[in-house]
Amino acid sequence: MMDFTGKSLLITGGTGSLGKALTNHILSNHSEIRRLIILSRDEQKQFQMAQEYPMNEYPQIRFFIGDVRDKERLIRAFKGVDYVIHAAAMKHVHLAEYNPEECIKTNIGGAQNVVDACLSTNVERVVALSTDKACAPINLYGATKLTSDKLFIAANNIKGHNPIRFSVVRYGNVMGSNGSVIPFFINKKKEGILPITSKDMTRFNISLQGGVDMVMHALKNAWGGELFVPKIPSYKIMDVAEAIGPECKKPVVGVRPGEKIHEEMITPSDSIYTYDLGKYYTILPATPNWNLNDFIDTFNAKHVSSGFSYSSGENTEWETVETLRQLIKEHVDPNFKV
Numbered sequence: 001m002m003d004f005t006g007k008s009l010l011i012t013g014g015t016g017s018l019g020k021a022l023t024n025h026i027l028s029n030h031s032e033i034r035r036l037i038i039l040s041r042d043e044q045k046q047f048q049m050a051q052e053y054p055m056n057e058y059p060q061i062r063f064f065i066g067d068v069r070d071k072e073r074l075i076r077a078f079k080g081v082d083y084v085i086h087a088a089a090m091k092h093v094h095l096a097e098y099n100p101e102e103c104i105k106t107n108i109g110g111a112q113n114v115v116d117a118c119l120s121t122n123v124e125r126v127v128a129l130s131t132d133k134a135c136a137p138i139n140l141y142g143a144t145k146l147t148s149d150k151l152f153i154a155a156n157n158i159k160g161h162n163p164i165r166f167s168v169v170r171y172g173n174v175m176g177s178n179g180s181v182i183p184f185f186i187n188k189k190k191e192g193i194l195p196i197t198s199k200d201m202t203r204f205n206i207s208l209q210g211g212v213d214m215v216m217h218a219l220k221n222a223w224g225g226e227l228f229v230p231k232i233p234s235y236k237i238m239d240v241a242e243a244i245g246p247e248c249k250k251p252v253v254g255v256r257p258g259e260k261i262h263e264e265m266i267t268p269s270d271s272i273y274t275y276d277l278g279k280y281y282t283i284l285p286a287t288p289n290w291n292l293n294d295f296i297d298t299f300n301a302k303h304v305s306s307g308f309s310y311s312s313g314e315n316t317e318w319e320t321v322e323t324l325r326q327l328i329k330e331h332v333d334p335n336f337k338v
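If you're matching positions, the sequence shown starts at 1 in the UniProt record's numbering and goes up one per residue.
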């Protein structure tokens with residue numbers, strides 16, 4: 001477990017689903033942390049979160065209103081911060097398609113601002129959150145997150161003698177996160193209709209705790225420039241619908257703009273740089289500023305086969321209707337009933 005004694009950590013987008021899960025994990029398991037800063041632009045969410053974590057009970061926590069589009073605000077917020085987790089993003093695929101400039105300003109411009117602010121202060125380590133939609137993207141959201149990934153990875157080669165380390169974590173649909181399919185279906189179940197975009201659609205599935213664990217792994221173990229990918233199961237969208245509303249009508253409404261039938265996290269082109277670390281895969285930078293053989297020895301890393309790929313439609317591990325129901329009850333709604 002990582003030791004946060006005397007350290008300060010800041011989470012951009014800290015009032016989102018994963019930001020709140022990270023906050024809960026850190027405050028529950030790392031009381032030694034000196035400061036935990038939640039930075040986001042939504043004042044209402046910050047107000048609500050501050051009620052959950054009052055300073056008289058959690059003296060380490062601080063709340064900063066700020067937008068990743070505002071570099072000056074980031075520089076001010078990052079002063080005295082040791083670690084940054086970048087979770088802020090515009091993430092809804094269809095909204096990004098219809099509001100491309102706004103998505104670019106937040107996901108690309110914001111990422112560059114985070115990099116610049118970290119390099120301008122004394123931040124030691126940065127973990128940026130990515131998405132499976134950044135792998136071979138067909139939508140604007142995925143393209144902006146791919147660009148963001150590249151910015152953070154490249155930052156390791158422009159830092160000069162600064163000891164800072166930048167890394168990226170990429171994962172699939174976070175079970176129960178805001179705007180994801182499971183809460184959507186649970187809400188639509190009341191109407192007796194669960195709209196299906198495609199009967200063939202599959203997605204990777206990870207719990208909020210799984211996402212937290214991967215971020216903490218990257219924060220502790222990254223050498224700089226790695227893109228971490230979890231080994232997680234897939235689900236079929238029809239199985240999710242059956243798990244939540246077996247009696248509901250399930251009309252096929254068609255794929256929305258920018259959606260894929262199957263998501264990817266590693267393409268065959270990535271395989272040349274991809275290593276198996278056991279619990280995770282990692283896509284290494286093409287030009288690392290550390291010794292590859294030392295990395296392989298340290299983590300017992302094994303190079304994947306040439307042409308290896310990792311797709312939600314060709315996974316070897318699948319959630320079933322029954323396991324989905326159990327996971328929903330455990331991770332989304334403890335009162336869930338079919």
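Glycine included, each C-beta is placed from N, C-alpha and C at the ideal position.
Looking at C-alpha atoms only, which residue of Ser167, Leu39, Val81 is the closest neighbour of threonine 121?
Val81
According to the Cβ coordinates, are valine 126 and phenylalanine 64 closer than 9 Å?
It is not a contact, given that the beta carbons lie outside the stated cut-off.
Following the continuous beta strand (DSSP E) through glutamate 264, name the residue where it begins and the one where it ends.
264 to 266
Name the DSSP bridge partner or partners of alanine 128?
His86, Val168
Kindly confirm or deny that the region 247 to 254 and the region 193 to 213 touch, where touching means at least three C-beta pairs closer than 8 Å.
yes
First and last residue of the alpha helix (DSSP H) that includes lysine 220?
208 to 221
Just grab the DSSP bridge partners of phenylalanine 78 for me.
DSSP output for phenylalanine 78 lists no bridge partner at all.
Go to lysine 329, then tell me how far its beta strand (DSSP E) extends in each direction, as first and last residue.
No beta strand (DSSP E) holds lysine 329; the alpha helix (DSSP H) holding it covers 321 to 331.
Isoleucine 37 by DSSP, collapsed to three states: which one?
In this structure, isoleucine 37 counts as strand in the three-state DSSP scheme.
Terminal residues of the continuous beta strand (DSSP E) containing valine 229?
227 to 230
On a Cα-Cα basis, can you pick out the residue from Thr323, Thr15, Lys20, His161 that is closest to glutamine 209?
Of the listed residues, the one whose Cα sits closest to glutamine 209 is Lys20.
Based on DSSP bridge pairs, tell me the residues matched to lysine 302.
Asp276
Rounded to whole angstroms, what's the CA-CA distance from histidine 30 to aspartate 3? Just pull it up for me.
8 Å
Give the secondary structure of serine 311 by DSSP, where H, G and I count as helix, E and B as strand, and everything else as coil.
In the three-state scheme derived from DSSP, where H, G and I count as helix and E and B as strand, serine 311 is classed as strand.
Would you tell me roughly how many angstroms separate the C-alpha atoms of methionine 214 and histidine 161, rounded to the nearest one?
When rounded, the distance between both Cα atoms is 27 Å.
From Val123, Glu124, Ala111, Cys118, pick the residue whose C-alpha is nearest to that of serine 130; which is it?
Ala111
Report yes if the C-beta distance between phenylalanine 78 and valine 115 is below 9 Å; otherwise report no.
no
Taking the beta strand (DSSP E) that serine 269 belongs to, which residues open and close that run?
No beta strand (DSSP E) holds serine 269; DSSP gives it neither H nor E.
Would you call the region 51 to 65 and the region 96 to 109 in contact, with 3 or more CB pairs under 8 Å?
no
Cβ of glycine 14 within 9 Å of Cβ of leucine 39?
yes
What is the DSSP secondary structure of serine 180, reduced to helix, strand or coil?
coil
For the region 218 to 226 and the region 174 to 183, state whether three or more C-beta atom pairs, one from each stretch, are separated by less than 8 Å.
The region 218 to 226, when compared against the region 174 to 183, does not touch it at the 8 Å Cβ threshold.
Rounded to whole angstroms, what is the Cα-Cα separation between histidine 240 and lysine 260?
Going by the sequence as given, residue 240 is valine instead of histidine. Each residue's Cα considered, the two are about 17 Å apart.
Can you tell me whether lysine 329 is buried or exposed, with buried defined as 16 or more other CB within 10 angstroms of its CB?
exposed
What did DSSP end up calling arginine 69 once you bin it into helix, strand or coil?
Residue state, collapsed to three classes: coil.
Would you kindly report the start and end of the unbroken alpha helix (DSSP H) that includes serine 120?
110 to 120 is the extent of the alpha helix (DSSP H) around serine 120.
Run the CB neighbour count on lysine 302, radius 10 Å, all protein chains shown included, and call it buried at 16 or more, exposed below.
A residue is called buried when at least 16 other Cβ atoms come within 10 angstroms of its Cβ; lysine 302 does not meet this threshold and is exposed.
Verify whether the separation of the beta carbon atoms of glycine 258 and glycine 142 is less than 9 Å.
Closer than 9 Å, so yes.
Compare the beta carbon distance of histidine 92 and alanine 128 with 9 Å and say whether it is the shorter of the two.
Taking 9 Å as the Cβ cut-off, histidine 92 and alanine 128 do not qualify as a contacting pair.
Along the chain, where does the alpha helix (DSSP H) that runs through threonine 144 open and close?
140 to 154
Could you check what DSSP says for lysine 249 in three-state terms: helix, strand or coil?
strand
State whether the region 281 to 288 contacts the region 196 to 208, with contact taken as three or more CB pairs (one from each stretch) at a distance under 8 Å.
no
Find the nearest neighbour of glycine 172 within the set Glu242, Cys118, Ile266, Ala222, judged by alpha-carbon distance.
Residue Ile266 is the option with its Cα nearest to glycine 172.
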